[in-house]
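Worksheet: one structure, shown below.
2 protein chains.
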Amino acid sequence: MSIRNPKQALYEQFAIVAKALGHPLRLEMIEHLAQGARSVEALAAKLGQPVANISQHLQALRRAGIVSAERDGKFVHYALADESVLDAFASVRAVAERHVAEVDRIVRGYFDARDQMLPVSRDELQALMRDGLVTLIDVRPPDEFALGHVPGAINVPLSEIKVWSVGAAADREVVAYCRGPWCVMSFEAVSALRSLGHSARRLEDGMPEWKAAGLPVEMAA
Amino acid sequence: MSIRNPKQALYEQFAIVAKALGHPLRLEMIEHLAQGARSVEALAAKLGQPVANISQHLQALRRAGIVSAERDGKFVHYALADESVLDAFASVRAVAERHVAEVDRIVRGYFDARDQMLPVSRDELQALMRDGLVTLIDVRPPDEFALGHVPGAINVPLSEIKVWSVGAAADREVVAYCRGPWCVMSFEAVSALRSLGHSARRLEDGMPEWKAAGLPVEMAA
DNA sequence: TCGTCATTCAATGAAATGATTGAATGACAG
DNA sequence: CTGTCATTCAATCATTTCATTGAATGACGA
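Top to bottom, those sequences are chains A and B. For what it's worth, the working numbering labels the leading residue of the first sequence as 18, then goes sequentially. For what it's worth, the working numbering labels the leading residue of the second sequence as 18, then goes sequentially.
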C-alpha cells in the first residue's frame, strides 16, 4: 500500500471501486438496492444469504462509495449512492456482452430464443401505452412495486402469472418488466404468457433504468 | 463455480469484467493501451514491470474481453477491445470521484490547487484553436504522439518543457494534454509553465477521450 | 535445422478475499 | 436499567489472487 505517486494512489482508489463490483453477489445486491433502499436484514432475506455475510459485502460497497447508509432507529437502510452506480454497472455489463463469449453462450442456453423475445424499448412502450394498445405488467414482488413503478403498470408477481392470465384479454399484447435487463422474471413471465396463448414481450430493461432515464414513476397509494 | 441459474451465471461473467478492472496496475495498462496498441514487452517497459507479470495481467484482461490480441510475427500486439472499455473505466472513475473521500484527499494533496488549474473543455479548446488564441502542447512521449494527436498540437515531452518554454511566446496561453484526465504529466507541465511565467491550463482529459468523442486525430507524417 | 527472441506457462510462496460462526455494539421498548 | 433486536465486529479456515522465477512454446532468420 505504499503510495509512490499520485497517479498510483488514485488508481488504487479506482481499483477499489471496480473490485467492489467484482463479485456476483455484490452485483446482485446492487440490482436489489436499485429497486429501493433496504435494511441489511431485508436484503439478506431477498438474496437468501446470512445477514453477517451481506453486512460485510455492504461494507465493501460502502468503502467504494457505491452505497450509502442511513440509520433509522434499529435499522440501517442502504441505498445506491446515486445513478452513476447504475452507469458503472451498465458499462461493465456492456463490455461483457460485447466481448465475453461465455455471456453469449449463457444467453443462448438459458434465455431461450431471446431473439424471438424482441424487447420493447422505453420509447416504444410509451407510445404503445399512450395509444392504449398494450397491458403493462410489473412482475416484481409487491414490495418492490410499491416503492415505484411505471405509471399504468399492474403488479403481477411471477407466481401469479397463470392465474392472472386467465382473466386477461387474450387478444391484447402484454409487456412485462422487472428489475433490469437481465432480470429473469420478465423472461419467464413472457415465456409463460406465450405458452398460455398470449402475445407478450419484454421491456428492454427494468425499473431502475426507467427511473434513471428521468421518466415518471408512480408510487403505491 | 456451480451454475445455479442463468442470472447468477451472467453476474459471474459481469464480475469477471469488473474484477479485471479491479487492480491498479491493470488500470494503468488500460490507460497505456488507450494510447495505441502495444506489445507485451513495450507495455512492460512503459510500466517498469517484469514482462511475465504484464503478460499475466494481459491474460486476465483478455479473459474479461477488455483487450484483444493480435499476433504479428514474433510480437503479440494488445489493444483495447473497443471504446466501451473507456466508458467502463470512466464510469468507475466517476463513482470514485463522487463518493470516495480518499480521492478528494489525494487530489488536494498532490495535484496542488487543482481548482486553480481550471481545465479547458474539448469544446472550448476547439474554439480557442479555431481562433488561433492558444498553443496546444501534447506532453506525452514521442511514440505516443506519433500514434495519434490532436490536430495542431506540438509534441513537447515533459522532460523538454523548460527548454521549449524559453523559445515560446510568453504572452500566449498554452494548453497541455496527455493520456487522460488523471495523467500527471499535464498537471506537471502546467505547473512548470506557470512557474516560468507562462499562462497555462490543462485540457480536461486526454487523447483517448478526444478520439472516443469522434474528434479528428492527426498521425505523425 | 538451429539459434534467437517475444511471449506464455507452471510452480512457488506471500497476501488478500470470502464464508461462517459467535460475540460485541448500539438503539429502542418496557 | 434491562431485555430485545438489527447490525457490526472478530476470528477462523478455505480459496483466490499476485509477483517472481525459471522453463516451455512458437515464430522468425541464418
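We treat Cβ as the ideally placed atom computed from N, Cα and C, and that holds for glycine.
When the options are compared against residue i, the one with the closest alpha-carbon
i: A/Val-93; options: A/Arg-55, A/Met-146, A/Ala-62; result: A/Arg-55
i: A/Glu-140; options: A/Lys-36, A/Arg-80, A/Asp-222; result: For the sequence presented, residue 140 of chain A should be read as Asp rather than Glu. Checking every option, the nearest Cα to that of A/Asp-140 belongs to A/Asp-222.
i: B/Val-4; options: A/Arg-157, A/Glu-100, A/Phe-106; result: There is no way to answer for residue 4 of chain B, as the model of chain B reaches only from 18 to 238.
i: A/Val-120; options: B/Gly-82, B/Val-112, B/His-116; result: B/Gly-82
i: B/Glu-190; options: B/Arg-211, B/Trp-199, B/Val-180, B/Val-117; result: B/Arg-211
i: A/Glu-114; options: B/Gln-52, B/Glu-29, B/Leu-232, B/Cys-200; result: B/Glu-29
i: A/Arg-219; options: A/Leu-213, A/Val-201, A/Lys-228; result: A/Val-201
i: A/Leu-153; options: A/Ser-182, A/Gly-126, A/Ser-176; result: A/Ser-182
i: B/Phe-204; options: B/Gly-231, B/Leu-142, B/Ala-185, B/Tyr-127; result: B/Tyr-127
i: A/Ala-217; options: A/Asn-70, A/Val-151, A/Gln-73; result: A/Val-151
i: B/Met-146; options: B/Ala-77, B/Gly-169, B/Asp-188; result: B/Gly-169
i: B/Glu-100; options: B/Asp-89, B/Leu-50, B/Gly-184; result: B/Leu-50
Residue environment, residue i, which counts as buried when at least 16 other CB atoms sit within 10 Å
i: A/Arg-43; result: buried
i: A/Val-137; result: buried
i: B/Asp-148; result: exposed
i: B/Ser-19; result: Low confidence applies here, because B/Ser-19 scores a pLDDT of 42, under 50, leaving its location unreliable; read the following figure in that light. Counting Cβ neighbours within 10 Å, B/Ser-19 comes out exposed, since fewer than 16 surround it.
i: B/Val-68; result: exposed
i: B/Asp-155; result: buried
i: B/Pro-225; result: buried
i: B/Lys-91; result: exposed
i: A/Pro-198; result: buried
i: B/Glu-48; result: buried
i: A/Ala-61; result: buried
i: B/Lys-63; result: buried
Interface partners of residue i on chain A, CB under 7 Å
i: B/Glu-29; result: Pro-41
i: B/Val-120; result: Leu-27, Gln-30
i: B/Phe-128; result: Pro-23
Under the three-state DSSP convention, the category residue i falls into
i: A/Arg-219; result: strand
i: B/Val-106; result: Residue identity differs from the one stated: residue 106 of chain B is Phe in this sequence, not Val. DSSP places B/Phe-106 in helix when its eight states are reduced to three.
i: B/Phe-162; result: helix
i: B/Ile-20; result: Because the pLDDT of B/Ile-20 is 46, which lies under 50, any placement of that residue in the model is unreliable, and the number read from its coordinates should be weighed accordingly. The answer is coil: DSSP assigns B/Ile-20 none of H, G, I, E or B.
i: A/Ser-56; result: strand
i: B/Arg-157; result: coil
i: B/Val-183; result: helix
i: A/Asp-89; result: strand
i: A/Val-191; result: strand
i: A/His-94; result: strand
i: B/Ile-83; result: coil
i: B/Val-167; result: coil
i: A/Ile-33; result: helix
i: B/Val-137; result: strand
i: B/Val-234; result: coil
i: B/Val-173; result: coil
i: A/Val-68; result: helix
i: A/Val-151; result: strand
i: A/Gly-126; result: helix
i: A/Leu-213; result: coil
i: B/His-40; result: coil
i: A/Pro-225; result: helix
i: A/Ala-51; result: coil
Within chain B, the residues that residue i reaches when beta carbons sit closer than 8 Å
i: A/Gln-25; result: Pro-41, Glu-45
i: A/Val-102; result: Val-112
Contacts of residue i in chain A (Cβ-Cβ under 9 Å)
i: B/Lys-36; result: Ala-35, Lys-36, Leu-38, Gly-39, His-40
Within chain B, partners of residue i - CB distance below 7 Å
i: A/Arg-110; result: Phe-31
Chain-ordered chain A contacts of residue i [CB-CB under 8 Å]
i: B/Ile-83; result: Val-112, His-116
i: B/Val-201; result: Asn-22, Pro-23, Lys-24
i: B/Ala-105; result: Ala-105, Ser-108, Val-109, Ala-111, Val-112
i: B/Ile-171; result: In chain order: nothing, as chain A lies at least about 24 Å away.
Proximal chain B residues relative to residue i, where beta-carbon distance stays under 9 Å
i: A/Asp-99; result: Val-112, Arg-115, His-116
i: A/Ile-178; result: Near A/Ile-178 there are no residues of chain B at all, since even the closest Cβ is about 18 Å away, more than 9 Å.
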